[in-house]
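Chemist: Quick note: the sequence shown uses my numbering, first residue 565, plus one each step. All C-beta atoms in this analysis are idealised placements derived from N, C-alpha and C, irrespective of residue type, glycine included.
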Amino acid sequence: MSAERALPAKGSIGAWRAAARPPTLTAAVAPVLVGTGAAIGDGVFSAGPFVAALFGAILLQIGANFANDVFDFERGADAGDRLGPPRATQTGLLTPAQMKVGMWLAFLLALLAGIYLVVAAGWIVVVIGLASIAAGLIYTGGPWPIGYHALGDAFTFAFFGMVAVVGTYFVQAEAAPGLVWLAAVPVGCTVTAILVANNLRDIDTDRAAGKTTLAVVLGARGTRAWYLLLVVAAYGVAIALWPTTQVQPWALLVLASLPFALAPLRAVAGGT
Numbered sequence: 565m566s567a568e569r570a571l572p573a574k575g576s577i578g579a580w581r582a583a584a585r586p587p588t589l590t591a592a593v594a595p596v597l598v599g600t601g602a603a604i605g606d607g608v609f610s611a612g613p614f615v616a617a618l619f620g621a622i623l624l625q626i627g628a629n630f631a632n633d634v635f636d637f638e639r640g641a642d643a644g645d646r647l648g649p650p651r652a653t654q655t656g657l658l659t660p661a662q663m664k665v666g667m668w669l670a671f672l673l674a675l676l677a678g679i680y681l682v683v684a685a686g687w688i689v690v691v692i693g694l695a696s697i698a699a700g701l702i703y704t705g706g707p708w709p710i711g712y713h714a715l716g717d718a719f720t721f722a723f724f725g726m727v728a729v730v731g732t733y734f735v736q737a738e739a740a741p742g743l744v745w746l747a748a749v750p751v752g753c754t755v756t757a758i759l760v761a762n763n764l765r766d767i768d769t770d771r772a773a774g775k776t777t778l779a780v781v782l783g784a785r786g787t788r789a790w791y792l793l794l795v796v797a798a799y800g801v802a803i804a805l806w807p808t809t810q811v812q813p814w815a816l817l818v819l820a821s822l823p824f825a826l827a828p829l830r831a832v833a834g835g836t
C-alpha cells in the first residue's frame with residue numbers, strides 16, 4: 565500500500581485533523597496540567613480559568629501547527645523528500661488559502677478563551693495571549709521567521725514551557741511565585757526536546773532549504789548532545805523540586821515516565 569493511499573481526502577475533516585497534528589497537542593496540554601497541579605497544591609485552583617487555559621493552549625498549538633504547515637510550504641522547506649509525517653499543504657490535502665483561514669480561526673478562538681481569562685485575571689493576560697499568537701506566527705512566517713534563524717528552541721522553551729505553565733498558574737492565583745517558574749523548567753526542556761528531535765530528523769532537508777535551525781548550526785552530533793542535555797535537565801530539575809516544602813511527593817511521579825523516554829533517547833543517540 566502506498567503512502568498516498570493512506571492520506572485522507574482533500575479538504576475533508578480527516579485532512580484538517582492531519583493538519584492539526586494531534587500527537588503534538590500533548591505539548592500544549594502538559595504545561596497547563598503542571599501549572600494547574602501547582603495551583604491545586606497551593607490551594608488556589610479555579611475550574612473556570614483552568615478550562616479556558618486548557619482550550620486556549622490547545623487552540624494556540626493548532627494555530628501554530630497550521631502556520632508552520634503553510635509557511636514552511638511557501639518557503640520551500642517542505643520538499644517532497646522530507647521525512648516525518650506528511651504536511652497537509654505540501655501533499656495538497658489543503659490549499660494554502662484554506663490553511664491560513666484555519667490558522668486565523670484557531671487563533672481567533674484562542675482569543676475568545678483569552679477574553680474570559682482577562683476577566684478572571686486582569687489585563688496582563690492580553691500581553692501573554694497576543695505574545696503567544698505572535699510567536700506562533702513568526703516562528704515560520706513573516707520577513708524574519710525565528711525558526712529559520714536558530715531561535716526556535718529558545719522560543720519553544722519560553723512560550724510552550726515557561727509562559728504556559730506560569731500563565732496557567734497565574735490565571736488561577738493572580739500570582740507567579742518562584743517555585744512555579746522552577747516547576748516550568750522541566751516542561752520547557754521536554755517540549756524543546758520534542759522540537760530538537762524533529763529538527764534532527766529534518767537537518768538535511770532544512771539545510772538544503774536554507775532553514776537554519778539550531779540543529780543545522782550544531783550539526784547532528786551536537787544536536788544529539790543537546791537533546792540528551794534537555795532530557796537530563798528535565799528529570800534533574802523535577803527531582804530537585806521534591807524536597808521543597810511546597811511540592812508534594814506526588815511530584816516524583818514524573819519518574820514513571822522515564823521508561824518511555826528511553827526509546828527516544830536510544831533512537832536519537834543511535835541516529836535512527
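Are the Cβ atoms of Y733 and V744 separated by less than 8 Å?
Modeler: yes
Chemist: Could you pull out every residue in the same chain whose Cβ sits closer than 7 Å to the Cβ of L571, ignoring the five residues on either side in sequence?
Modeler: P650, T655 and L657, listed in sequence order.
Chemist: Roughly how many angstroms lie between the CA atoms of L672 and L623, to the nearest whole one?
Modeler: So the alpha carbons of these two residues sit roughly 9 Å apart.
Chemist: Under a Cβ-count criterion, where at least 16 other Cβ atoms within 10 Å of its own Cβ denotes burial, should W790 be classed as buried or exposed?
Modeler: buried
Chemist: At 3 residues or longer, and completely inside the segment 598 to 664: list those beta strand (DSSP E) runs for me, N to C.
Modeler: For the segment 598 to 664, not a single whole beta strand (DSSP E) run of length 3 or above is found.
Chemist: Mind reading off the beta-carbon distance from A748 to G725? Whole number of angstroms is fine, and I expect it under 8 Å.
Modeler: 6 Å
Chemist: According to DSSP, simplified to helix, strand and coil, what is T808?
Modeler: coil
Chemist: Please find out if some non-hydrogen atom of the ligand NAD comes closer than 7 Å to the beta-carbon of L816.
Modeler: As for the ligand NAD, it is missing from this structure, which has no ligand bound.
Chemist: Could you tell me the alpha carbon to alpha carbon distance between D606 and T600, rounded to whole angstroms?
Modeler: 10 Å
Chemist: Are the segment 615 to 632 and the segment 589 to 599 touching by the rule of at least three beta carbon pairs closer than 8 Å?
Modeler: yes
Chemist: Taking Cβ positions, are T787 and I767 nearer each other than 8 Å?
Modeler: yes
Chemist: Measure the C-alpha to C-alpha separation of G620 and E738 and round it to an integer number of angstroms.
Modeler: 18 Å
Chemist: Starting from S576 and walking both ways along the alpha helix (DSSP H), at which residues does that stretch end?
Modeler: Neither: S576 is in no alpha helix (DSSP H) and is coded neither H nor E.
Chemist: On a Cα-Cα basis, can you pick out the residue from F719, L819 and V665 that is closest to V801?
Modeler: L819
Chemist: Fully enclosed by the segment 662 to 735, which alpha helix (DSSP H) runs are 4 residues long or longer?
Modeler: Listed in chain order, the complete alpha helix (DSSP H) runs (minimum 4 residues) inside the segment 662 to 735 are 688 to 702 and 716 to 721.
Chemist: Pull up the DSSP beta-bridge partners for T776, would you.
Modeler: H713
Chemist: Measuring only the C-alpha atoms, how far is L746 from G575?
Modeler: 43 Å
Chemist: What is the rounded straight-line gap between the Cα of V781 and the Cα of A611?
Modeler: Roughly 43 Å between the two C-alpha positions.
Chemist: Measuring CB to CB, does T704 end up less than 8 Å from D636?
Modeler: yes
Chemist: For L817, which of helix, strand or coil comes out of DSSP?
Modeler: helix
Chemist: Tell me, please, whether the CB atom of L675 is closer than 8 Å to any CB atom in chain C?
Modeler: Any reference to chain C falls outside this structure, which holds one protein chain only.
Chemist: Can you give me the start and stop residues for the alpha helix (DSSP H) that P587 sits inside?
Modeler: For P587, there is no enclosing alpha helix (DSSP H), since its DSSP letter is neither H nor E.
Chemist: Taking A617 as the reference, give the member of F630, A685 and T653 with the closest Cα.
Modeler: A685
Chemist: Anyone know if the C-beta pair for M663 and A652 falls short of 8 Å?
Modeler: yes
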